[in-house]
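Below: one structure, written as structure tokens.
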Ligand code: ATP
Ligand code: MG
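Numbering (the working numbering), first residue to last: 25 to 162.
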């Protein structure tokens, strides 16, 4: 079933100029880029996006990092896009990520880990709506 997911190329990857390499990989793996924008998140916008993690010990540091520089938000479309994108990203901690995954290749640490991907259909719908209006996705 064709599905959409929200991807973010995080500030660490944009800052190291590997966003293009990550987008090339996205296209090579058969995803359609249905929408895309470069944004510099305000702290409150990062806190809103990661609100599910607000009780976690890394919340302060994570939202500081996510608002530290520009990021690129994308809506990716493919059959089984949510699972397929998370598989391509690899494990949250790059030390545990499989060879050939984006985080293995591009992540610096468990926090500065290059990319984000929605983890389920309901979170994908919420996260896409957080950044993109319906008219941008027609
Ligand atoms: P994402 O939601 O960004 O796609 P994920 O689903 O693999 O990543 P989550 O558990 O949702 O991982 O954590 C969200 C983000 O918080 C991680 O991508 C990472 O940037 C950061 N993070 C997660 N665990 C830690 C940790 N133990 N220490 C520091 N940062 C962390
Ligand atoms: Mg997550």
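Glycine included, every Cβ here is placed at the ideal spot set by N, Cα and C.
The structure displayed is predicted, hence computed values, not measured ones.
Coarse secondary structure for residue 141, derived from DSSP in three states: Residue state, collapsed to three classes: strand.
heavy atom of ligand 1 below 7 Å from residue 141 C-beta: For residue 141, the Cβ falls inside the 7 Å cut-off from some heavy atom of ligand 1.
First and last residue of the uninterrupted beta strand (DSSP E) at residue 103: Residues 95-103.
For residue 31, three-class secondary structure by DSSP: Residue 31 falls in the strand class under three-state DSSP.
Burial state of residue 146 (16 or more Cβ within 10 Å): Residue 146 comes out exposed.
Residue 101 beta carbon less than 8 Å from that of residue 55: Yes, the pair counts as a contact, with Cβ atoms nearer than the cut-off.
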